[in-house]
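Number of protein chains: 2
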Amino acid sequence: MGNESKKVAVIGTGVIGNGWIIRFLANGFDVVAFDPADGAEERTSAAIDRAWESVEALGLKEGASKERLTFVSTLEEAVQGADLIQENVPERVDVKQAVLHDIDVHSKSNAIIGSSTSGIKPTDLQEKLKNPEKLVVAHPFNPVYLLPLVEIVGGEKTTQNTIDTAYKIYESAQMKPMVIDKEIEGFIADRLMEALWREALHLVNDGVATTEEVDKAITYGAGLRWAQMGPFMTFHLAGGDQGMRHMLEQFGPALKLPWTKLEAPELTDELKERVITGCENFANDRSVEELERQRNEFLVKLIDLVEDYWP
Amino acid sequence: MGNESKKVAVIGTGVIGNGWIIRFLANGFDVVAFDPADGAEERTSAAIDRAWESVEALGLKEGASKERLTFVSTLEEAVQGADLIQENVPERVDVKQAVLHDIDVHSKSNAIIGSSTSGIKPTDLQEKLKNPEKLVVAHPFNPVYLLPLVEIVGGEKTTQNTIDTAYKIYESAQMKPMVIDKEIEGFIADRLMEALWREALHLVNDGVATTEEVDKAITYGAGLRWAQMGPFMTFHLAGGDQGMRHMLEQFGPALKLPWTKLEAPELTDELKERVITGCENFANDRSVEELERQRNEFLVKLIDLVEDYWP
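Protein chains in written order, with the working numbering: chain A, 72 to 382; chain B, 72 to 382.
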């Protein structure tokens with residue numbers, strides 16, 4: 072299925088904006104870009120050239136072409152007739168509100184406006200809009216043209232139709248959209264990354280580890296697992312046949328230990344049940360042994376692969 | 072190079088103890104195991120059988136054989152003549168101290184005692200030993216027979232010779248040993264994992280995300296990068312040509328935002344410099360563009376691989 076009929080506008084062409092341009096081009100969209108900075112068009116061209124080999128290797132959609140990008144000199148021209156407008160301007164609420172306002176008034180009434188903000192709540196971004204129902208946060212991850220995750224978060228005035236339409240467009244660009252119902256700063260993925268990042272800074276700050284040691288502690292250990300399995304399923308497997316239920320009994324008390332600078336939540340019965348049934352549902356009748364077999368098969372191939380790329 | 076002449080004793084054969092047994096057997100060691108629990112030997116046999124295909128696929132060392140495991144009925148017999156004794160008993164300081172004491176008195180004088188503890192400081196474990204200089208923490212990661220990281224931490228009474236010898240033995244078992252000079256609870260890798268884990272529990276506790284959403288937020292995003300690159304180098308690349316230096320200018324202020332429950336350290340000039348030079352040293356004259364090219368090449372292959380294993 073091609074995306075020949077879809078037109079996307081990308082506003083702001085830094086690392087993230089260029090990442091979106093490459094992803095949309097690789098997936099057969101027409102893309103119009105606007106960025107007022109000097110030399111923006113040349114930098115975008117160079118970024119596309121550097122990344123194109125990678126997206127080709129992953130597989131281009133029918134009709135995909137670098138030639139389907141047009142750089143224009145006004146925002147108004149860029150958003151005209153676009154089905155999706157992706158906003159990637161600097162991470163300041165006043166700057167984003169002003170640009171989103173202009174996008175809103177110049178775009179067609181059924182357009183979707185996706186903001187790439189990594190932390191600002193969509194309700195705050197909707198404040199100045201005439202048609203706030205068109206806006207969602209659509210937060211991607213670097214490199215945008217390779218990593219499939221996009222967090223979709225609606226604000227108070229976003230309609231379900233906007234969320235559904237946004238979901239379909241990002242999915243058709245080979246992404247794994249995740250709709251987040253509750254608005255919080257940093258959404259989900261960045262909160263998790265930030266926690267690890269802050270702890271890493273503490274370790275370096277306290278002289279316990281160098282940045283290189285922190286990085287190695289991830290890549291040679293837990294990082295290998297996280298490409299395939301998140302923290303909950305990882306612990307589900309560490310619990311043996313009883314899975315997460317056993318894990319929480321055995322390591323629950325460690326939450327009280329001073330193992331990070333982050334204070335842990337109280338492990339109430341309700342939280343326990345939520346975690347256990349969450350893992351069991353995700354496992355979907357696969358036993359821990361079966362999950363373990365799949366994980367091992369994956370890890371063996373991954374270790375073979377990653378050895379060529381480790382520093 | 073085989074490990075024919077090396078004998079390893081494994082004390083305690085739960086998930087971690089069995090993982091060590093499999094790794095040492097796969098690397099051509101003679102292994103003697105002891106665990107007083109009923110049915111321990113049968114469970115170890117079953118664990119070896121389940122994992123053997125994986126270690127075979129990664130590549131067995133010369134002389135490696137499942138047959139080179141002996142299960143014995145006393146601790147004394149197990150540790151006799153062993154070059155390395157790996158302790159994996161329950162995570163309680165009194166239990167470990169008692170078992171380590173017995174290991175110490177029955178092992179040869181130049182043996183290395185490695186404790187698999189994931190959090191207890193080696194100085195605390197040395198307290199009851201006659202020969203405390205023999206002991207190091209050697210903390211592995213599950214599955215021990217596949218993940219290469221092992222954290223080596225000496226206590227106040229550990230000699231440099233013990234650390235050097237331990238390093239060589241674990242390295243000869245195809246591991247990536249990391250020596251940690253400063254004793255802190257949880258060492259390095261578990262502190263990082265715990266920070267992420269605690270934040271994940273908060274998100275589930277606050278009803279922001281399900282366990283499945285947390286896991287997907289990792290596997291479809293940052294987790295893909297962490298198999299090859301830790302958090303510091305990841306941000307080094309996110310900073311564009313200027314690397315970490317630019318990154319800290321742009322996103323440093325976000326440390327003040329309530330993006331996780333973990334309070335961030337003050338981003339002093341000293342901390343900044345430590346982080347920037349750390350990344351630059353690790354990059355070792357490779358430009359951000361060069362690092363980016365390698366990352367992309369890796370990610371393309373990884374995404375091809377992992378798609379078969381994602382749930």
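Ideal placement from N, C-alpha and C gives every residue a C-beta, glycine not left out.
Item, Value
"Around the Cβ of R163 of chain B, are there at least 16 other Cβ atoms within 10 angstroms (buried) or fewer (exposed)?", "exposed"
"Note the first and the last residue of the continuous alpha helix (DSSP H) segment covering T233 of chain A.", "231-243"
"Distance, Cα to Cα, S243 of chain A vs K77 of chain A?", "10 Å"
"For chain B, is any of its Cβ atoms less than 9 Å away from the one on N159 of chain A?", "no"
"How many angstroms separate the CA atom of R345 of chain A from the CA atom of E148 of chain B?", "46 Å"
"With a 10 Å radius around its C-beta and 16 neighbouring C-beta atoms as the bar for buried, classify Q231 of chain B as buried or exposed.", "exposed"
"Would you kindly work out how many angstroms separate the C-alpha atoms of D340 of chain B and G349 of chain B, rounded to a whole number?", "14 Å"
"Using a Cβ-Cβ cut-off of less than 8 Å, give me the residues of the stretch 190-221 of chain A that come near chain B, in sequence order.", "G190, F212, N213, P214, L217, L218, P219, L220"
"Using DSSP's beta-bridge definition, name the partner residues of I255 of chain A.", "Per DSSP, none; premise fails for I255 of chain A."
"What's the gap between the Cα of R139 of chain B and the Cα of M304 of chain A?", "33 Å"
"Compare the beta carbon distance of Q299 of chain B and R366 of chain B with 9 Å and say whether it is the shorter of the two.", "yes"
"Output, in chain order, the set of chain A residues within a Cβ distance shorter than 9 Å of V103 of chain B.", "Residues of chain A passing the Cβ test: none, with the nearest at roughly 23 Å."
"Confirm, please, whether the CB-CB distance from I82 of chain A to E204 of chain A is below 9 Å.", "no"
"How long is the line joining the alpha carbons of E227 of chain A and I240 of chain A, rounded to whole angstroms?", "21 Å"
"Any C-beta of chain B sitting closer than 9 Å to the C-beta of D235 of chain A?", "no"
"Tell me, which residues are paired with G185 of chain B by DSSP?", "B:Q157, B:V207"
"Along chain A, in chain order, which residues have C-beta atoms closer than 9 Å to that of P107 of chain B?", "In chain order: nothing, as chain A lies at least about 18 Å away."
"Any Cβ of chain B within less than 9 Å of the Cβ of S178 of chain A?", "no"
"What's the gap between the Cα of I397 of chain B and the Cα of G225 of chain B?", "Residue 397 of chain B is absent from the structure shown; chain B starts at 72 and stops at 382."
"Could you check the C-alpha separation between D120 of chain A and L362 of chain B for me, to the nearest Å?", "16 Å"
"Check for me: the alpha helix (DSSP H) holding T305 of chain A runs from which residue to which?", "302-309"
"In chain B, what lies closer than 9 Å to K253 of chain A by C-beta?", "D277, G278, V279, A280"
"For chain A, find out if any of its Cβ atoms is closer than 9 Å to the Cβ of N125 of chain B; answer yes or no.", "Per the sequence shown, residue 125 of chain B should be read as Ser rather than Asn. Answer yes: the Cβ-Cβ gap between S125 of chain B and chain A drops below 9 Å somewhere."
"Using 8 Å as the Cβ pair cut-off and three pairs as the minimum, do the stretch 174-193 of chain B and the stretch 243-257 of chain B touch?", "yes"
"Just reading off the alpha helix (DSSP H) that K372 of chain A is part of, what are its end residues?", "359-377"
"With 16 other CB atoms within 10 Å as the buried threshold, where does K179 of chain A fall?", "exposed"
"In angstroms, rounded to a whole number, what distance separates the CA positions of Q16 of chain A and P219 of chain A?", "Coverage of chain A is limited to positions 72 through 382, which leaves residue 16 of chain A absent and any answer about it impossible."
"Look up M249 of chain A in the DSSP assignment and say whether it is helix, strand or coil.", "strand"
"Please tell me whether M72 of chain B has its Cβ less than 9 Å away from any Cβ of chain A.", "Any reading at M72 of chain B is ruled out, since the residue's pLDDT is 45, under 50, leaving its predicted position unreliable."
"Do the CB positions of E270 of chain A and E265 of chain B come within less than 9 Å of each other?", "yes"
"According to DSSP, which residues form a beta bridge with F322 of chain A?", "None, per the DSSP bridge assignment."
"Please state if the CB of G85 of chain A and the CB of D101 of chain A are separated by a distance shorter than 9 Å.", "no"
"For V143 of chain B and A153 of chain B, I'd like the C-alpha separation in whole angstroms.", "13 Å"
"Do L274 of chain B and L342 of chain A have their CB atoms nearer than 9 Å?", "no"
"Are the C-beta of E363 of chain A and some C-beta of chain B separated by less than 9 Å?", "yes"
"Applying a beta-carbon distance threshold of less than 8 Å, which residues of chain A neighbour D286 of chain B?", "M300, G301, P302, F303, M304, F353"
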